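Asker:
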Amino acid sequence: MPPLVTGASGFAGSHLVDHLLEHEPRVIAWGRSANGAQDDRGGRVLWQAVDVTDAQSVLRALRESPPSAVYHCAGIADVHSTWKDSARALQVNVMGTHNLLTALATIAAGVPVLVTGSALVYRPSLGALTEDSPIGPSSPYGVSKLAQEMVAGISPGRVIVTRPFNHAGPRQAAAYVTSSFARQIAEAEAGIREPVLQVGNLDARRDITDVRDTVRAYRLLMEAGEPRRPYNVCRGEAYRVGDLLDTLVRSARVKIDVRTDPARLRPNDNPVVLGDPTRLRSDTGWTARLPIEQTLRDLLDYWRARLVSKGDRP
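Start counting the sequence shown at 158; every next residue gets the next number (the working numbering).
(1) Among Pro224, Leu161, Leu286, Arg189, whose alpha-carbon lies nearest the alpha-carbon of Val393?
(2) Does DSSP put Asn389 in a helix, in a strand, or in coil?
(3) Distance check for Ser312 and Gly299, CA to CA, integer angstroms please.
(4) Go ahead and pull the three-state DSSP assignment for Thr366.
(5) Is it right to say Ile451 is buried, meaning 16 or more other beta carbons lie within 10 angstroms of its own, or is it exposed?
(6) So, for Asp242: in the same chain, excluding its five sequence neighbours on each side, which residues have a beta-carbon less than 6 Å away from its beta-carbon?
(7) Does the distance from the C-beta atom of Gly267 to that of Gly310 stay below 8 Å?
(8) Determine which residues share a DSSP beta bridge with Pro321 and list them.
(9) Which value, in whole angstroms, describes the spacing of the CA atoms of Pro224 and Val209?
(10) Could you give the first and the last residue of the continuous beta strand (DSSP E) run that contains Arg407?
(11) Looking at the strands, I want to know which residues DSSP matches up with Ala395.
(12) With a 10 Å radius around its C-beta and 16 neighbouring C-beta atoms as the bar for buried, classify Ala343 as buried or exposed.
(13) For Leu377, I'd like the list of residues in its chain whose CB is within less than 6 Å of its CB, leaving aside the five on either flank, ordered along the chain.
(14) Taking the straight line between their C-alpha atoms, what separation do you get for Ala169 and Val465?
(15) Closer than 7 Å by C-beta to Gln248: which residues in its own chain qualify, once you throw out the five before and the five after it? Chain order, please.
(16) Tell me Tyr459's beta-bridge partners as DSSP assigns them.
(17) Comparing alpha-carbon positions, which option in Tyr228, Val207, Pro352, Leu359 lies nearest Arg220?
(18) By the three-class DSSP mapping on this structure, what secondary structure does Ile349 have?
(19) Give the C-beta separation of Ile413 and Leu354 to the nearest angstrom, bearing in mind that I take them to be a contact with Cβ-Cβ under 8 Å.
(20) Quick one: using the 10 Å Cβ neighbour count with 16 as the cut-off for buried, is Met379 buried or exposed?
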């Protein structure tokens with residue numbers, strides 16, 4: 158039986174499918190629609206349209222294609238949007254996880270599950286956060302991910318809980334900071350936007366890992382992680398957002414002007430988000446392989462190629 162990736166059409170989920178196919182002959186992929194079925198990798202990806210908030214849909218899909226393991230990536234991931242619709246974040250992140258774990262207990266008890274939580278369950282801190290650092294989310298998104306983690310903690314079976322910090326790379330939506338910068342630069346180069354970057358807080362510092370390193374950590378944790386023992390997934394180095402912007406601007410093919418946009422300033426923005434990956438490294442041997450410069454370069458090239466191939470417009 159192949160492993161299952163929920164949220165497989167999303168950012169991390171799509172990269173996880175790619176990574177698992179390097180080790181597995183087939184992968185089951187859930188998305189809210191069947192759009193991804195157009196790319197089934199020669200029959201190696203079995204796409205299913207499943208809404209995790211629909212308990213019956215989850216049951217039917219699991220009965221149709223029982224998995225060998227489950228990587229639960231489906232969920233609301235945009236922190237900023239949850240300030241406007243916190244109920245939706247709770248519905249998808251918490252009830253969606255509950256529906257999945259309940260169905261698995263009924264249909265496929267014993268199948269290991271990895272739940273992708275978030276580092277935003279921690280209380281804001283200026284120092285490096287370990288898994289034993291105080292809990293205290295400061296956003297509706299963080300609250301939803303803490304509740305998700307609590308649901309996972311009382312579920313029977315082998316459940317691995319992760320607390321990923323920021324990750325970036327190709328395919329990331331423009332709602333996220335480095336991807337927003339990269340898209341604006343690509344649009345300026347293409348002449349469909351003035352060469353002016355609208356930015357938010359540039360002094361924030363973030364621990365950012367390449368998404369391809371992040372999903373590799375998920376697979377290693379599925380193999381060697383300890384159930385219900387949370388794991389930070391992070392690089393262990395916090396980058397100033399303004400420095401990341403400077404790196405992207407230096408790669409631009411046109412001169413870029415940078416301006417602050419008040420609408421991009423979050424109502425509750427932690428000055429530093431930094432993680433300690435010691436537990437992950439100790440239990441799995443994982444280390445980040447891809448330097449941040451490559452992540453940014455690949456992200457900018459992704460937006461350049463997308464503008465050409467799909468004719469995206471702002």
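Built from N, CA and C at the ideal position, the CB exists for glycine as well.
These figures come from a predicted structure and were not determined experimentally.
Answerer: For this structure:
(1) Position 236 of the sequence shown holds residue 393. Checking the sequence shown, residue 393 turns out to be Gly, not Val. With distances taken between Cα atoms, Gly393 lies closest to Leu286.
(2) Here residue 389 is taken as the residue at index 232 of the sequence shown, counted from 1. The three-state reading of DSSP puts Asn389 in strand, counting E and B together.
(3) Residue numbering aside, residue 299 sits at position 142 when the sequence shown is read from its first letter. Residue numbering aside, residue 312 sits at position 155 when the sequence shown is read from its first letter. The alpha-carbon atoms of Gly299 and Ser312 are separated by roughly 20 Å.
(4) Against the sequence shown, residue 366 aligns to sequence position 209. If DSSP states are grouped into helix, strand and coil, Thr366 belongs with the strands.
(5) By 1-based counting over the sequence shown, the position of residue 451 is 294. Checking the sequence shown, residue 451 turns out to be Gln, not Ile. It is exposed - the Cβ of Gln451 has fewer than 16 other Cβ atoms within 10 Å.
(6) The count along the sequence shown starts at 1 and reaches residue 242 at position 85. For Asp242, where only same-chain residues beyond five positions count, there are no Cβ hits under 6 Å.
(7) For the purposes of this step, residue 267 is taken as the residue at position 110 of the sequence shown. For the purposes of this step, residue 310 is taken as the residue at position 153 of the sequence shown. Result no, Cβ atoms of Gly267 and Gly310 do not sit closer than 8 Å.
(8) For the purposes of this step, residue 321 is identified with residue 164 of the sequence shown, where counting begins at 1. For Pro321, which the question treats as bridged, DSSP gives the partners Val390.
(9) In the sequence shown, the residue the question calls residue 224 occupies position 67. In the sequence shown, the residue the question calls residue 209 occupies position 52. Looking at the two C-alpha atoms, the distance is approximately 16 Å.
(10) For this step, residue 407 is matched to residue 250 along the sequence shown. Note, Arg407: premise wrong, no beta strand (DSSP E); alpha helix (DSSP H) at 398-407.
(11) Start at 1 with the first residue of the sequence shown, and residue 395 comes out as number 238. Answer by DSSP bridge pairing, in chain order: Asp364.
(12) Here residue 343 refers to the residue found at position 186 of the sequence shown. Buried, because 16 or more other Cβ atoms sit within 10 Å of the Cβ of Ala343.
(13) The residue given as residue 377 occupies position 220 in the sequence shown. These residues qualify, in order along the chain: Thr441, Trp443.
(14) Counting from 1 along the sequence shown, the entry for residue 169 is found at position 12. Counting from 1 along the sequence shown, the entry for residue 465 is found at position 308. Computed Cα separation, rounded: 23 Å.
(15) In the sequence shown, the residue the question calls residue 248 occupies position 91. Here the set comprises Thr210.
(16) Against the sequence shown, residue 459 aligns to sequence position 302. None, per the DSSP bridge assignment.
(17) The residue labelled residue 220 in the question sits at position 63 within the sequence shown. When each option's Cα is compared against that of Arg220, the closest is Val207.
(18) If you number the sequence shown from 1, residue 349 lands on position 192. Note: Ile349 maps to coil in three-state DSSP.
(19) To locate residue 413, count along the sequence shown from 1; it is residue 256. To locate residue 354, count along the sequence shown from 1; it is residue 197. Indeed they touch by this definition, with Cβ atoms about 6 Å apart.
(20) Your numbering for residue 379 matches position 222 in the sequence shown. Here Met379 is buried: its Cβ has 16 or more other Cβ atoms, across all protein chains shown, within 10 Å.
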